[in-house]
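Following: one structure in structure tokens, then a few remarks.
Number of protein chains: 2
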Amino acid sequence: MPRQTSKPRARHQASEARPYHHGDLRRVLIDAALQLAAEGAEVSVREAARRAAVSPGAPFRHFPNRDALMAAVAEEAQRRFRAEIEATLEQACPANPLARFRAFGIAYLRWAMRNPAHFEIISTGRYFAHGSSAELTRDNAELVALTERMLAEAAAQGLLRSTDLKRILIAGRALIYGFARMNLDGHFPRWGVEEREIERMAEEVIDLFIAGIAAR
Amino acid sequence: MPRQTSKPRARHQASEARPYHHGDLRRVLIDAALQLAAEGAEVSVREAARRAAVSPGAPFRHFPNRDALMAAVAEEAQRRFRAEIEATLEQACPANPLARFRAFGIAYLRWAMRNPAHFEIISTGRYFAHGSSAELTRDNAELVALTERMLAEAAAQGLLRSTDLKRILIAGRALIYGFARMNLDGHFPRWGVEEREIERMAEEVIDLFIAGIAAR
DNA sequence: CCGTTATGTAATCATCGATTACATTTCGCG
DNA sequence: CGCGAAATGTAATCGATGATTACATAACGG
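Here you go:
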């Protein structure tokens with residue numbers, strides 16, 4: 125929790141000098157890094173420090189190394205990601221598991237497409253050792269478990285053609301993750317002038333998948 | 125084509141000195157970079173130069189910058205990727221487009237899983253500006269076109285449930301690409317002790333997709 | 001009020017991509 | 001041939017970065 129700096133005394137000389145101790149440098153560094161990523165710039169510790177108006181070595185008081193900063197950044201992004209998905213699911217028809225699955229997929233892809241850099245940090249084991257953040261791993265596992273539950277309910281209600289839930293789960297994850305990554309990795313030529321256009325494609329792809337696994 | 129160095133004269137002094145001019149530095153640098161990537165190390169121009177036993181500045185005679193080297197590396201990797209897929213398709217039942225699609229997907233995923241670093245370089249716009257290599261773009265487009273043709277044939281033979289080929293194509297690409305990236309990005313916990321296990325999952329996922337789009 | 005701890009600064013190092021000036025080899029053209 | 005231009009590699013150097021260390025200063029508690 126951010127400690128409240130109680131209006132620190134001014135330095136010996138300047139009346140408006142920045143206090144020696146930053147308010148909550150850790151938080152500010154994470155935000156700066158998130159912002160850097162969102163801007164498409166690559167995240168460097170120094171640049172984050174620069175934005176926090178702090179010396180290049182200061183961040184290392186809060187993070188042992190760059191990877192640790194990135195892991196913290198990923199945790200924050202994942203928190204936001206998960207929060208938005210769960211908020212969307214709050215207002216999704218609770219009775220129909222496949223409709224919920226659909227809403228989940230759409231929310232997932234919407235966030236991924238509107239926060240590409242953050243999604244990249246979350247989903248790729250490139251910025252820090254995969255599994256180095258227990259929180260990130262847990263949050264992600266819970267999203268997977270959420271998906272699993274929806275499919276299990278669908279199966280219980282006889283909505284699925286096959287009962288091989290494991291296989292359906294993996295295929296569904298691959299489909300959604302793949303769509304997000306295709307967008308991220310530039311596999312959609314810039315025909316899709318409208319962002320809205322790609323989101324419509326996302327819906328169609330999800331619907332195709334659901335039609336494929338649904339009983340009929 | 126690699127120019128043949130016709131046994132260059134020895135230096136003024138040593139009888140076994142390395143010739144001033146490298147045989148085909150460009151090629152050697154690309155191979156060194158491919159090897160570096162395959163070893164999981166991150167590719168640096170200097171390290172490639174080191175492996176080629178050449179000064180750190182030498183590579184820049186062949187590549188204007190690091191990105192250009194990476195683009196050349198990607199082109200080579202893509203060439204191998206495409207060659208293997210097409211070789212596999214050579215011996216796939218030519219009459220059944222869905223069987224060919226299945227073979228395509230399996231070959232795609234097999235290569236991606238056995239050459240993760242190379243697949244990463246190919247498929248991500250991270251190592252160089254996306255579209256900076258016309259050859260890479262073309263090669264990739266041809267694989268997509270190949271998939272498109274298989275699906276069109278399947279539709280022509282009445283094997284598909286829907287005729288929305290565009291949607292099926294994107295979904296299929298997303299599914300296969302997503303599976304490959306999930307493996308790459310560490311989304312498969314290390315349960316799959318056996319590599320063979322993951323390859324079996326890949327087959328199952330592809331089969332599930334085909335079952336989903338097939339007429340019945 | 002003092003000292004222990006938390007936090008930031010300054011200086012330094014190795015690595016990397018990149019550029020420049022220079023050296024040597026290769027090759028084409030007369 | 002042989003000579004000069006072009007190709008190719010070397011050496012030295014620059015700025016940025018991640019990281020470490022020694023030191024300075026502020027914050028907190030007894």
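Residue numbers (the numbering used here), protein chains in the order written: chain A, 125 to 340; chain B, 125 to 340. Where a beta carbon is used, it is the ideal one built from N, C-alpha and C, also for glycine. Values in this document were obtained by computation on a predicted structure and should not be read as measured data.
*Where do the ends of the alpha helix (DSSP H) carrying B/V197 lie?*
As a working note, residue 197 of chain B is residue 73 in the second sequence. Start and end: R190 to E214.
*Quick one: what does DSSP say A/L284 is sitting in, helix, strand or coil?*
The residue labelled residue 284 of chain A in the question sits at position 160 within the first sequence. Assignment of A/L284 by DSSP, reduced to helix, strand and coil, places it in the strand class.
_Quick check on DSSP: helix, strand or coil for B/E327?_
Residue 327 of chain B sits at position 203 when you count from the first residue of the second sequence. When secondary structure is reduced to three states using DSSP, B/E327 falls in the helix class.
*Rounded C-alpha distance that separates A/R324 from A/E318*: By 1-based counting over the first sequence, the position of residue 324 of chain A is 200. By 1-based counting over the first sequence, the position of residue 318 of chain A is 194. The straight-line gap from Cα to Cα measures roughly 10 Å.
*Top-ranked residue by Cα proximity to B/R151, from B/D263, B/A161, B/R170 and B/P183*: Taking the second sequence and counting its residues from 1, one reaches residue 151 of chain B at position 27. Checked all of B/D263, B/A161, B/R170 and B/P183; the closest Cα to B/R151 is B/P183.
*Going by the beta-carbon positions, is the gap between B/F312 and B/A326 smaller than 8 Å?*
Within the second sequence, numbered from 1, the residue matching residue 312 of chain B stands at position 188. Within the second sequence, numbered from 1, the residue matching residue 326 of chain B stands at position 202. Taking 8 Å as the Cβ cut-off, B/F312 and B/A326 do not qualify as a contacting pair.
*Mind checking if B/A339 is an interface residue toward chain A, Cβ cutoff 8 Å exclusive?*
Start at 1 with the first residue of the second sequence, and residue 339 of chain B comes out as number 215. It does not; no Cβ of chain A falls within 8 Å.
*Does the distance from the C-beta atom of B/L222 to that of B/I334 stay below 8 Å?*
Residue 222 of chain B sits at position 98 when you count from the first residue of the second sequence. Residue 334 of chain B sits at position 210 when you count from the first residue of the second sequence. Cβ distance < 8 Å, so B/L222 and B/I334 count as in contact.
*Report the neighbours of B/D309 on chain A: residues whose CB is nearer than 7 Å to its CB, in chain order.*
Along the second sequence, one-based indexing puts residue 309 of chain B at 185. Neighbours of B/D309 on chain A, chain order: S247, T248 and G249.
*Neighbour flag for B/I230 against chain A, beta carbons, 8 Å*: Numbered from its first residue, the second sequence carries residue 230 of chain B at position 106. It does not; no Cβ of chain A falls within 8 Å.
*asked:* For a cutoff of 8 Å on Cβ pairs, would you count B/F303 as touching chain A?
replied: In the second sequence, the residue the question calls residue 303 of chain B occupies position 179. It does: the Cβ of B/F303 has a partner Cβ on chain A nearer than 8 Å.
*Have a look at A/N307, A/I292 and A/L293 and flag the residue whose alpha-carbon is nearest the alpha-carbon of B/A298.*
Start at 1 with the first residue of the second sequence, and residue 298 of chain B comes out as number 174. Among A/N307, A/I292 and A/L293, the Cα nearest to that of B/A298 belongs to A/N307.
_So, at 6 Å on beta carbons, what are the nonlocal neighbours of A/M274 in its own chain, with the 5 sequence-adjacent residues on each side left out?_
Looking up residue 274 of chain A in the first sequence gives position 150. Closer than 6 Å at Cβ, skipping near neighbours: P221, R224 and F225.
*Would you mind reading off the limits of the alpha helix (DSSP H) that contains A/E342?*
Here chain A covers residues 125 to 340 and nothing more, so residue 342 of chain A does not appear.
*B/R206 versus A/R185 - alpha carbon distance*: The sequence position of residue 206 of chain B within the second sequence is 82, counting from 1. The sequence position of residue 185 of chain A within the first sequence is 61, counting from 1. Roughly 48 Å between the two C-alpha positions.
*Candidates B/N189, B/G164, B/A162 and B/A253: which alpha carbon is nearest B/R170's?*
Walking along the second sequence from the start, residue 170 of chain B turns up at place 46. It is B/N189 whose Cα lies nearest to the Cα of B/R170.
*Could you tell me which residues DSSP pairs with B/A338 in its beta bridges?*
Position 214 of the second sequence, counting from 1, holds the residue named residue 338 of chain B. DSSP, once it has assigned bridges, lists B/L284 as partnering B/A338.
*Within 8 Å (strictly less), CB to CB, does A/G336 reach chain B?*
Residue 336 of chain A sits at position 212 when you count from the first residue of the first sequence. Cβ-Cβ to chain B under 8 Å: yes for A/G336.
*Note down the Cα distance separating A/A180 from A/A195, rounded to an integer number of angstroms.*
Position 56 of the first sequence, counted from the first residue, corresponds to residue 180 of chain A. Position 71 of the first sequence, counted from the first residue, corresponds to residue 195 of chain A. As written in the sequence, residue 180 of chain A is Pro, which differs from the Ala given in the question. Looking at the two C-alpha atoms, the distance is approximately 19 Å.
*Of all the CB atoms in chain B, is at least one closer than 8 Å to the CB of A/L299?*
Position 175 of the first sequence, counted from the first residue, corresponds to residue 299 of chain A. Judged by the 8 Å Cβ criterion, A/L299 is in contact with chain B.
*How many Å lie between A/R174 and A/L160 at the Cα?*
As a position in the first sequence, residue 174 of chain A is number 50, starting the count at 1. As a position in the first sequence, residue 160 of chain A is number 36, starting the count at 1. Cα to Cα, A/R174 sits roughly 11 Å from A/L160.
*Measuring alpha carbon to alpha carbon, tell me which of A/Y232, A/T287, A/L149 and A/S247 ends up nearest B/G310.*
Start at 1 with the first residue of the second sequence, and residue 310 of chain B comes out as number 186. Per the Cα distances, A/S247.
*asked:* Could you tell me the alpha carbon to alpha carbon distance between B/A276 and A/H242, rounded to whole angstroms?
replied: On the second sequence, residue 276 of chain B is found 152 positions in, with the first residue counted as 1. On the first sequence, residue 242 of chain A is found 118 positions in, with the first residue counted as 1. Approximately 37 Å, taken between the alpha carbons.
*Measure the alpha-carbon distance for A/A200 versus A/I292 and round it to whole angstroms.*
Mapped onto the first sequence, residue 200 of chain A falls at position 76. Mapped onto the first sequence, residue 292 of chain A falls at position 168. Before going on, a small fix: residue 200 of chain A reads as Glu here, not Ala. One C-alpha to the other measures close to 30 Å.
*Can you say whether B/T271 is buried or exposed, counting buried as having 16 or more other CB atoms within 10 angstroms of its CB?*
One-based indexing of the second sequence puts residue 271 of chain B at position 147. Counting Cβ neighbours within 10 Å, B/T271 comes out buried, since at least 16 surround it.
*With 16 other CB atoms within 10 Å as the buried threshold, where does B/V329 fall?*
Locating residue 329 of chain B in the second sequence gives position 205, where the first residue counts as 1. So B/V329 counts as buried.
*asked:* Just verifying my parser: in three-state terms, what is the DSSP assignment at B/A276?
replied: Counted from its first residue, the second sequence places residue 276 of chain B at position 152. If DSSP states are grouped into helix, strand and coil, B/A276 belongs with the helices.
*Who are the neighbours of A/E328 on chain B, taking C-beta pairs under 7 Å?*
Residue 328 of chain A sits at position 204 when you count from the first residue of the first sequence. Those within 7 Å of A/E328 in chain B are R291.
*How far does the alpha helix (DSSP H) with A/N307 in it reach, from first residue to last?*
By one-based count along the first sequence, residue 307 of chain A stands at place 183. Note, A/N307: alpha helix (DSSP H), L289 to L308.
*Helix, strand or coil for B/G229 per DSSP?*
Residue 229 of chain B sits at position 105 when you count from the first residue of the second sequence. Helix at B/G229.
_Strictly below 7 Å CB to CB, what residues from chain A border B/M325?_
Along the second sequence, one-based indexing puts residue 325 of chain B at 201. Neighbours of B/M325 on chain A, chain order: I294.
*With 8 Å as the threshold, decide whether the Cβ of B/F225 is near any Cβ in chain A.*
The residue labelled residue 225 of chain B in the question sits at position 101 within the second sequence. So no, B/F225 is outside the interface.
*Give the DSSP-derived three-state secondary structure of A/E319 in the structure shown.*
In the first sequence, the residue the question calls residue 319 of chain A occupies position 195. In this structure, A/E319 counts as helix in the three-state DSSP scheme.
*asked:* Tell me which residue opens and which closes the alpha helix (DSSP H) that A/E171 is part of.
replied: Taking the first residue of the first sequence as 1, we reach residue 171 of chain A at position 47. First-last of the alpha helix (DSSP H) with A/E171: V169 to R175.
*Provide the residue span of the alpha helix (DSSP H) that contains A/R150, from first to last.*
Here residue 150 of chain A refers to the residue found at position 26 when the first sequence is read from its first residue. Per DSSP, A/R150 belongs to the alpha helix (DSSP H) from L149 to A162.
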